[in-house]
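A.B. asks:
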Amino acid sequence: MAEAHQAVAFQFTVTPDGIDLQLSREVLKHIYLSGVTSWKKRAIRFKNGVLTGVYPASPSSWLIVVIAIMSTMYARIDPSMGMIDRIKTSLLVSQCHPCKFMTVQTQTVLSAILFATVLWLSFIFLLRYILKALLSYHSWIFESHGKMSFSTKVWLCSLKSVPSTLCLYLESVRPLLDDEQYKQMEIVANDFKKDPAPKFQKHLKLKSWWATNYVSDWWEEYIYLRGRDPIMVNSNFYTMDLLYVIPTHRQAARAGNVVHAMLQYRRKLERGELTPLRALGIVPMCSFQYERMFNTTRIPGIETDFVQHLKDRKHLVVYHRGRFFKVWLYYGGRHLWPSELELQFQRILDDKSEPQPGEIKLPSLTAGNRVPWARARLKYFTEGVNQASLEAIETAAFFLTLDDEAHGYDPENIRSLDLYAKSLLHGKCYDRWFDKSFTLIVYKNGKIGVNTEHSWADSPIIGHMWEYVLATDCFHLGYNAEGHCKGDINKSLATPTRLQWDIPKACQEIIEGSYMIAKGIANDVDFHGCLFNEFGKGLIKKCRTSPDAFIQLALQLAHYRDKGEFCLTYESSMTRMFREGRTETVRSCTCESTAFVRAMEDEKCRGKQRLALFKKAADKHQNMYRLAMTGAGIDRHLFCLYIVSKVMGIDSPFLKQVLSEPWRLSTSQTPQQQLNLIDIQKFPKYVGAGGGFGPVADDGYGVSYIIVDENLVTFHISSKFSSPETDSFRFGQNIRQAMLDIKALFNLKEKKM
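The numbering of the sequence shown is UniProt numbering, which starts it at 1 and goes up by one.
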């Protein structure tokens, strides 16, 4: 294979005088530089391992403790209260120990160092316990803006130097049930509370003592990896490019800059140089999910998939017009420069070779049902060129599609954002490798986007990387006047390598079957991108209301107007204040929100009363969001109780009913400005468009929104064409009107004042 030839460092020929070695200085230079880079990485990882291993202390603090102990001994003061003498005695007792050849003074010094080390380690564990106790304090999140209790002030200074699940569940379903249904639900819940809930809770408590996080591993396994349905649309989500700006219209150049920026981010990630996000600028968020961002693939299985994560992958795989290419990302022990990457990608774009039989739609295996893909993988991709090529894809840093379509937001085309979203979410159903941790898509007009596999992480994680990439691309790397990447071009780089396939007819039929299933799913997705630019978070904050609560109540009002009823509503909240935390559910449809919606639809109700109900509902939502963030949500707890019931083989009618309830309105807010690398006040056109996901229920809506700046909120709305009850465009119009109607309540108040 081509890469094998590139790896040869010397040649030899047999002559009458013996073997003549023909050394290549250039290749040996590359080997030397590669080795230096590898050892640098190992040294950095070792350093980071030491630093994190002794946190919150530092290696230098050990030396300070040793010097302090030795100084006190020199002054004939024993701070160990006799422990140093005991250690020295223990060393003397060991007859085979080298200490018996040491002088008394040397033995005393060694004993003092051992005591100082134990004392230092004890301090570390004590500090960790204190820090853990401090970070477990969550009352600060429930306090009003501008107000702070004495206990929170003490807590902040220290950092610087629940109602029951069943009660909360019953409260959450009350607005959705009539009196008779609610009474029946109370009976079922109380029966569960008596038995078998205590048994399940006992086992769950045991797991919480043993595991780092009692939810996350089960959540990943049972919600994501054990699902046998297609992950395209149903699980994967997408992220868009900058809304208004395209830095260059040259496809290869944009790909070159973006890939280089991603490699820079990966290097920072591997070296531990990324600063963790902090609530209030103090409380750190768990960064565990970042570890599997690169070099990661979801591997299909018959009963369950698994996530394969590797280290230090030096290539990526590119898909273009039905062909796969392997591109090396390093040259001479360094990353390829953007200009060098542009050259490689342009070579792929200029390649006129035809796809091999079965190659064009091969990625649709990752878009269809999981079991056929798992079986095909075992039967047709475990030997020969198929195994080698599939391994190249699954071990790549990530997957890149050089798309032959043009997409992006066009103000003159009302459906442009809809088509852009659908392309990122599912494409043609065969031009994304949906099993990779993420697929980077670069369109022929220079627009970009990402499709992300969901099992390894949640959207804020990929969003963090995406913010870094967009800022680096536009403000640090940049392009020359012709739109090409800056820098010299090294034309001696080996050309990208075509991956080879030998796909028999039987496998091609499986591929076609997966494609047809995926195409049916994609064609059923009704998407609408709604840009709400009448106002944004600036005006909402002037109303002294949480922007998220404002939008959630607007969604409740819009949904009621759209369907004439309330529904169980899912809003995703992060739980990363806990180690390995992922998400919790905020049940946004409450008694308070339904009372507000009914008041808005009641012509007899006055504006003052509506405003009072709105504020009450907003406060309720904000409190629920805080409960979810601080581990007092209910849905992950109920989910884990359900898993315990299945493992124990005990049937629970209550849990079965809870876990089978459909989320007909599923919502999520995309975080903005996690890194603050772009000053959107100074550069208002450089704002992201956010991202979205597919509908969760057959007759429901999926809504992702991003509060972009002071005057823009973007909604990504999904539903299914096959449902006569839903229409994404109609729902978008209802959301727009609901936002304006709620704003009018505050305008009315201002006029009266």
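Built from N, CA and C at the ideal position, the CB exists for glycine as well. Just so we're clear, the structure is a prediction, and the values are computed from it rather than from any experiment.
Tell me whether His484 is buried or exposed, calling it buried when 16 or more other Cβ atoms sit within 10 Å of its Cβ.
C.D. replies: buried
A.B. asks: By the three-class DSSP mapping on this structure, what secondary structure does Ile113 have?
C.D. replies: Residue state, collapsed to three classes: helix.
A.B. asks: In angstroms with no decimal places, state the Cα-to-Cα distance between Phe654 and Ile634.
C.D. replies: Between Phe654 and Ile634, the alpha-carbon positions lie close to 14 Å from each other.
A.B. asks: Between which two residues does the beta strand (DSSP E) containing Met240 stretch?
C.D. replies: Phe237 to Met240
A.B. asks: Which term fits Tyr244, buried or exposed, when burial requires 16 or more other beta carbons within 10 angstroms of its beta carbon?
C.D. replies: exposed
A.B. asks: Our contact map puts His249 next to Leu477 with C-beta atoms below 8 Å; I'd like the distance itself, whole angstroms only.
C.D. replies: With 8 Å as the limit, His249 and Leu477 do not qualify as a contact, their Cβ atoms being about 16 Å apart.
A.B. asks: Going by C-alpha to C-alpha distance, which of Val450, Trp373, Tyr705 and Glu580 sits closest to Gly215?
C.D. replies: According to the sequence displayed, residue 215 carries Val and not Gly. Considering only alpha carbons, the answer is Glu580.
A.B. asks: With a Cβ-Cβ cutoff of 8 Å, do Val258 and Asp473 count as a contact?
C.D. replies: yes
A.B. asks: Alpha carbon to alpha carbon, how far is Cys507 from Lys519?
C.D. replies: 18 Å
A.B. asks: Just the Cα atoms here: how many angstroms apart are Leu641 and Ala628?
C.D. replies: 17 Å
A.B. asks: Of the choices Asp85, Thr212, Ala558 and Tyr224, whose alpha-carbon is the least far from that of Met739?
C.D. replies: Of Asp85, Thr212, Ala558 and Tyr224, the residue nearest in Cα terms is Ala558.
A.B. asks: Could you give the DSSP three-state label for Gly564: helix, strand or coil?
C.D. replies: In the displayed model, Gly564 falls within coil according to three-state DSSP, outside both helix and strand.
A.B. asks: Figure out for me which residue from Leu343, Ile113 and Arg298 has the closest Cα to the Cα of Ile84.
C.D. replies: The candidate whose alpha carbon is nearest that of Ile84 is Ile113.
A.B. asks: What does the Cβ neighbour count give for Phe398, buried or exposed, with the cut at 16 atoms within 10 Å?
C.D. replies: buried
A.B. asks: Could you give the residue range of the alpha helix (DSSP H) that holds Lys447?
C.D. replies: Element bounds for Lys447: n/a, residue is neither H nor E.
A.B. asks: Go to Ala531, then tell me how far its beta strand (DSSP E) extends in each direction, as first and last residue.
C.D. replies: This sequence places Leu at residue 531; Ala is not what is there. Per DSSP, Leu531 belongs to the beta strand (DSSP E) from Val525 to Phe532.
A.B. asks: Quick check: what's the CA-CA separation for Val8 versus Ser90?
C.D. replies: Residue placement at Val8 is poorly supported in this model, since its pLDDT is 36, which falls under 50; the coordinates are not used for a value here.
A.B. asks: According to the neighbour-count rule (16 or more other Cβ atoms, all chains shown, within 10 Å of its Cβ), is Tyr468 buried or exposed?
C.D. replies: buried
A.B. asks: Consult DSSP for Lys720 and reduce its assignment to one of helix, strand or coil.
C.D. replies: strand
A.B. asks: Quick check: Tyr169 and Leu611, are their CB atoms within less than 8 Å of each other?
C.D. replies: no
A.B. asks: If distances are taken between C-alpha atoms only, which option among Asp526, Val450 and Leu712 comes closest to Pro724?
C.D. replies: Taking only the C-alpha atoms, the option nearest Pro724 is Asp526.
A.B. asks: Kindly identify the DSSP beta-bridge partner or partners of Leu225.
C.D. replies: By DSSP's assignment, Leu225 forms no beta bridge with any residue.
A.B. asks: Under a three-way DSSP split, which group does Met577 fall into?
C.D. replies: coil
A.B. asks: Using the rule of at least 16 other Cβ atoms within 10 Å of the residue's Cβ for burial, across every protein chain shown, is Pro59 buried or exposed?
C.D. replies: exposed
A.B. asks: Quick check for students: name the residue ranges of the alpha helix (DSSP H) that lie wholly in the region 484-544, counting only runs of 4 or more.
C.D. replies: The qualifying runs are 505-523 and 537-542.
A.B. asks: Report the three-state DSSP secondary structure of His637 (helix, strand or coil).
C.D. replies: helix
A.B. asks: Can you have a look at Met81 and say buried or exposed, based on whether 16 or more other CB atoms are within 10 angstroms of its CB?
C.D. replies: Flag for Met81 reads exposed.
A.B. asks: Relative to the C-alpha of Asn236, which candidate in Ser459, Pro247, Ser61 and Leu119 has its C-alpha closest?
C.D. replies: Ser459
A.B. asks: So, is Phe438 buried or exposed, given that buried needs 16 or more other C-beta atoms within 10 angstroms?
C.D. replies: By the neighbour-count criterion, in which a residue is buried when 16 or more other Cβ atoms sit within 10 angstroms of its Cβ, Phe438 is buried.
A.B. asks: By DSSP's criteria, Val647 is part of a beta bridge. Which residues make up the other side?
C.D. replies: In the DSSP output, where bridge partners are listed per residue, Val647 has none listed.
A.B. asks: Report the option in Ser353, Glu592, Gln673 and Gly700 whose CA atom is closest to the CA atom of Arg664.
C.D. replies: Gly700
A.B. asks: What is the C-beta distance between Ser704 and Phe721, in whole angstroms, given that I count them as a contact (C-beta under 8 Å)?
C.D. replies: The Cβ separation is near 19 Å, so there is no contact.
A.B. asks: Could you say which of Cys605, Cys567 and Phe578 lies nearest to Thr594 if we only look at CA atoms?
C.D. replies: Cys567
A.B. asks: May I have the straight-line CA-CA distance separating Ile67 from Ser339, to the nearest angstrom?
C.D. replies: A straight-line Cα-Cα distance of about 53 Å links Ile67 and Ser339.
A.B. asks: Return helix, strand or coil for Tyr380, following the three-state DSSP convention.
C.D. replies: helix
A.B. asks: Indicate the three-state DSSP secondary structure (helix, strand or coil) for Ile441 in the structure shown.
C.D. replies: DSSP places Ile441 in the strand class (E or B) of the three-state scheme.
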